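The sequence shown finishes on residue 584 if you use UniProt numbering, and the numbering steps up by one all the way, no holes.
The beta carbon of each residue, even a glycine, is placed where N, CA and C say it ideally should be.
Computed from a prediction, not measured in an experiment: that's the story for all the values here.
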Amino acid sequence: DRAELGRLKYAEAVTLDGVQVKLEANIELPEEAEQALAAGADGIGLFRSEFLFMGRRDLPGEEEQYEAYATVVKAMQGRPVTIRTLDIGADKTLDGDATVATNPALGLRAIRYCLAHPEIFQTQLRALLRASVHGKLRILVPMIAHLHEVRAVRQAIAEAGQNLESRDISFDRNVEVGAMVEIPAIAIAIEPFVEQLDFLSIGTNDLIQYTLAIDRGDNDVADLYDPMHPAVLRLISHTINAAQRYGKSVAVCGEMAGDAQVTRMLLGLGLREFSMHPQQLLDVKKEVRQSHTNALRVKVASALNRAERINLDELAG
Ligand code: PEP
Ligand code: MG
Numbered sequence: 268d269r270a271e272l273g274r275l276k277y278a279e280a281v282t283l284d285g286v287q288v289k290l291e292a293n294i295e296l297p298e299e300a301e302q303a304l305a306a307g308a309d310g311i312g313l314f315r316s317e318f319l320f321m322g323r324r325d326l327p328g329e330e331e332q333y334e335a336y337a338t339v340v341k342a343m344q345g346r347p348v349t350i351r352t353l354d355i356g357a358d359k360t361l362d363g364d365a366t367v368a369t370n371p372a373l374g375l376r377a378i379r380y381c382l383a384h385p386e387i388f389q390t391q392l393r394a395l396l397r398a399s400v401h402g403k404l405r406i407l408v409p410m411i412a413h414l415h416e417v418r419a420v421r422q423a424i425a426e427a428g429q430n431l432e433s434r435d436i437s438f439d440r441n442v443e444v445g446a447m448v449e450i451p452a453i454a455i456a457i458e459p460f461v462e463q464l465d466f467l468s469i470g471t472n473d474l475i476q477y478t479l480a481i482d483r484g485d486n487d488v489a490d491l492y493d494p495m496h497p498a499v500l501r502l503i504s505h506t507i508n509a510a511q512r513y514g515k516s517v518a519v520c521g522e523m524a525g526d527a528q529v530t531r532m533l534l535g536l537g538l539r540e541f542s543m544h545p546q547q548l549l550d551v552k553k554e555v556r557q558s559h560t561n562a563l564r565v566k567v568a569s570a571l572n573r574a575e576r577i578n579l580d581e582l583a584g
């Protein structure tokens, strides 16, 4: 019940076998940082910055963006704040953008859009770097599929930094840069990406869409949108294992992370960092506190090896 969940707010997210788990919040607007704190979040795992850009005719400038990012970083008082660069296109469009792609989900979206519009990207990167002095800001890049995109992002961040230097504005020179793992290609060929990035965040919403060729917004095929498909779980598992081998942090920030029914599954895959809507945090924490990671590891690994669909009931209790 709610009262019990309320008490959980101050309890640690630790499993029965003593494994510490990080539970973070997904937010879409700066004001929601307060809600994340109130829910006891360990940080912001995903700030979807595109919501600052949507539902308006003009684009937010460097100053406006800086204020928004700084508000969140300050509110979180030193806890990590992971801000995703503009993820525009497909299900999220800019007002007044008349371009109609033949297949928007496979088109010029997210990082592809940003690299094609360097002035928009530079403005955002300058604002992000400026906000980095107020706490622990991390830059998360959506829809990465190619290593040359990672190099282009590093280059763009360096350029934004040089601009700030020329204006005598200080920023964190070691700001961490990570990628969303949401295209199957990067999950399959993950090693060089892990090597060159500081952290990873698995976007299961898009990863499922692209793995199963199911439009995430199309009701006619919604019954085929299956987070438990063995192919999806293998991609998640492969990504988590690679990150752990390289000593890099890896989270899941898609809807799966906030679904308490799959918490044990994700723990069994080795996940130790979950980011979700603040309202889901205590339910997931409750599951974590009743789980035994060693037992889950064994059960999940054997099902994954057989590429069998895992029965979640088997993981309960
Ligand atoms: C995802 O794809 O899982 C994700 C977290 O990003 P979004 O839902 O904003 O595409
Ligand atoms: Mg996504």
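| Query | Result |
| --- | --- |
| Other residues of its chain near Asn508: CB distance less than 7 Å, five sequence neighbours each side excluded | Gly537 |
| Cβ neighbour criterion (16 or more within 10 Å) applied to Met343 | buried |
| Residue from Arg512, Gln547 and Tyr513 whose Cα sits closest to the Cα of Val529 | Gln547 |
| Residues that Ile350 bridges to, as DSSP identifies them | Phe314 and Ile406 |
| Residue interval of the alpha helix (DSSP H) (run including residue 220) | Outside the displayed span of the chain (268 to 584) sits residue 220, for which this structure offers no information. |
| Lining residues of ligand 2 - beta-carbon closer than 5 Å to any non-hydrogen atom, in sequence order | Glu449, Gly470 and Asp473 |
| Closest by C-alpha distance to Gly328, when choosing among Glu432, Leu395 and Gly285 | Leu395 |
| Length at least 3, wholly inside the stretch 363-442: the beta strand (DSSP E) runs in chain order | 403-408 |
| Near ligand 1: Cys381 beta-carbon under 6 Å from a heavy atom | no |
| Local Cβ density within 10 Å of Asp309, reported as buried at 16 or more and exposed below that | buried |
| Contact under 7 Å by Cβ, Leu474 with Ile481 | no |
| Inter-stretch contact (C-beta, 8 Å, three-pair minimum) for the stretch 555-575 and the stretch 510-524 | no |
| Asn293 - containing beta strand (DSSP E), residue span | Lys289 to Ile294 |
| Ile469 - DSSP class collapsed to helix/strand/coil | strand |
| Short Cβ contact (7 Å threshold) for Ala574 with Pro497 | yes |
| 7 Å Cβ cutoff met for Phe314 and Ile350 | yes |
| For Glu575, the first and last residue of its enclosing alpha helix (DSSP H) | Neither: Glu575 is in no alpha helix (DSSP H) and is coded neither H nor E. |
| Check whether Gly312 and Glu291 have beta carbons under 7 Å apart | yes |
| Expected contact under 8 Å - CB spacing of Leu353 and Ser399 to nearest Å | So it is not a contact: roughly 17 Å between Cβ atoms. |
| Stretch pair the stretch 434-452 + the stretch 399-411: three plus CB contacts closer than 8 Å | yes |
| Glu540, DSSP secondary structure in three states | strand |
| Closest by C-alpha distance to Arg405, when choosing among Leu375, Gln422 and Phe466 | Phe466 |
| Contact between the stretch 454-461 and the stretch 499-508 (3+ Cβ pairs under 8 Å) | yes |
| Contacting residues, own chain, Cβ-Cβ under 8 Å from Arg323 (five flanking each side not counted) | Asp362 |
| Spatial distance of Gln476 from Ala527 (CA atoms) | 21 Å |
| Where the alpha helix (DSSP H) containing Ser504 begins and where it ends | Pro497 to Arg512 |
| Same chain, Cβ closer than 6 Å to Leu534, five either side skipped, listed in chain order | Ser558, Thr560 and Leu563 |
| Close Cβ partners of Glu462 (< 7 Å) along its chain, the five nearest in sequence each way excluded | Tyr513 |
| Per-residue DSSP class, three states only, for Ser558 | coil |
| Close beta carbons around Asn472, own chain, < 7 Å, minus the five adjacent residues each side | Arg483, Gly521 and Glu522 |
| Straight-line gap, Leu392 to Asp580 (C-alpha atoms, nearest Å) | 45 Å |
| Residues bridged to residue 610 (per DSSP) | Because the chain in this structure spans residues 268 to 584, residue 610 falls outside the shown range and cannot be described. |
| Residue(s) in a DSSP beta bridge with Ala518 | Ser468 |
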